[in-house]
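Its first residue numbered 1, the sequence shown is counted upward by one per residue in the working numbering.
Single-structure report; data block below.
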Amino acid sequence: GVANRGASVRVGRETEQNGKGYFEDRRPASNMDPYVVTSMIAETTIIWKP
């Protein structure tokens, strides 16, 4: 969520305003490779076409 510190994935206000920037993966530590997770998030939110 935008500026929501309780969300699993957080997007800063500045990122929303500028239309570019970064996001934070705020999930608790797990046994998944962070690069695999980031790739899955990118494919779902950026590359995915319905």
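For each residue, glycine too, the CB sits at the ideal point set by N, CA and C.
Note that the coordinates shown come from a computational prediction; the quantities given were computed from them, not determined experimentally.
Which same chain residues end up closer than 6 angstroms to residue i when comparing Cβ atoms and leaving out the 5 residues on each side of it in sequence?
i	result
residue 11	2, 23
What distance in whole Å lies between the Cβ atoms of residue j and residue i, which are believed to be in contact at a cut-off of 8 angstroms?
i	j	result
residue 9	residue 25	6 angstroms
For residue i, I'd like the list of residues in its chain whose CB is within less than 8 angstroms of its CB, leaving aside the five on either flank, ordered along the chain.
i	result
residue 21	11, 12, 14, 15
So, at 7 angstroms on beta carbons, what are the nonlocal neighbours of residue i in its own chain, with the 5 sequence-adjacent residues on each side left out?
i	result
residue 27	8
### Task
Please list the segments of the beta strand (DSSP E) lying wholly inside the stretch 14-48, counting only runs of 3 or more residues, in order along the chain.
The qualifying runs are 23-25.
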